[in-house]
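When we follow the working numbering, the leftmost residue of the sequence shown carries the number 72, and every step to the right adds one.
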Amino acid sequence: MFSNSTKYAIKAVLYLAVHSSEEQKIMIKDIAEPINVPKHYIAKILQALSKKDIISSTKGPKGGFYLTSDQLQTKVMQIIEAVDGEERFNSCLLSLEKCNSDNPCSLHHLVFDEKNKINERLKMTTLKDLRQHIMRGESILPL
C-alpha cells in the first residue's frame, strides 16, 4: 500500500514530531540511525518534504530539520501525496492499470470500501494526533 519512500518519510516526520522543535533542530545523521534508513536516502526525502513545506530546515552549524506548530497540523495523507502522489495510494492492489469500479480486478470489491475508509482517516489524522498517541504511550514511534 505504501512505497518504502513513503514509509521512511512517515517514520522520519514522526521522529521530528516527537523530538524536534524550532529550538531543537535534528541533523540527518541523527534521524537516519534511529529510523534505520540510509542517510543519503532520507536526506533526499526530507529535502523534498521541506520544499513542500511539510517540514522545515535550516542550514549551518546549528541547522537541521524540525517541525513548526503549523506543520504539526499536516495530515498524514499530505505526506503520502508529497512522496508518491495520489495515484499510488489509490492504485489497484494488483497493479492493473485499467482496474476501477466499472472494470474491477478480482480484489477490487474485497478491499475497495476498506481502502476508502483508510484513505479518509489518513486525510483527517494530523501529525499532532500521532505525536500525542506516541507521547501518551498509546502507540510506538515506528523505528
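For glycine and all other residues, C-beta sits at the position ideal for the given N, C-alpha and C.
Opening and closing residue of the beta strand (DSSP E) in which residue i lies
i, result
"residue 136", "135-137"
Residues sharing a beta bridge with residue i, DSSP
i, result
"residue 146", "197"
"residue 129", "135"
Beta-carbon contacts of residue i that lie in its chain and below 8 Å, excluding the five residues immediately before and after
i, result
"residue 167", "176"
"residue 202", "85, 88, 89, 143"
"residue 139", "93, 127"
"residue 155", "73, 74, 76, 77"
Residue i: CB within 7 Å of a non-hydrogen atom of the ligand PLP
i, result
"residue 183", "The ligand PLP is not part of this structure, which contains no ligands at all."
Neighbourhood of residue i by C-beta distance below 6 Å, restricted to the same chain and skipping five residues each side
i, result
"residue 115", "none"
"residue 205", "89, 212"
Where residue i falls: helix, strand or coil (DSSP)
i, result
"residue 99", "helix"
"residue 182", "helix"
"residue 207", "coil"
"residue 155", "helix"
"residue 190", "helix"
Residues near residue i by beta carbon distance below 7 Å, same chain, minus five either side
i, result
"residue 123", "153"
"residue 109", "103"
"residue 97", "87, 90, 91, 135, 136, 137"
"residue 145", "125, 197, 198"
"residue 183", "none"
Residue range of the unbroken alpha helix (DSSP H) whose run includes residue i
i, result
"residue 87", "75-90"
"residue 162", "Per DSSP, residue 162 belongs to no alpha helix (DSSP H) and is neither H nor E."
"residue 169", "It is not in any alpha helix (DSSP H) - residue 169 carries neither H nor E in the DSSP assignment."
"residue 121", "110-122"
Min CB distance residue i to chain C below 8 Å
i, result
"residue 82", "This model lacks chain C altogether; it includes just one protein chain."
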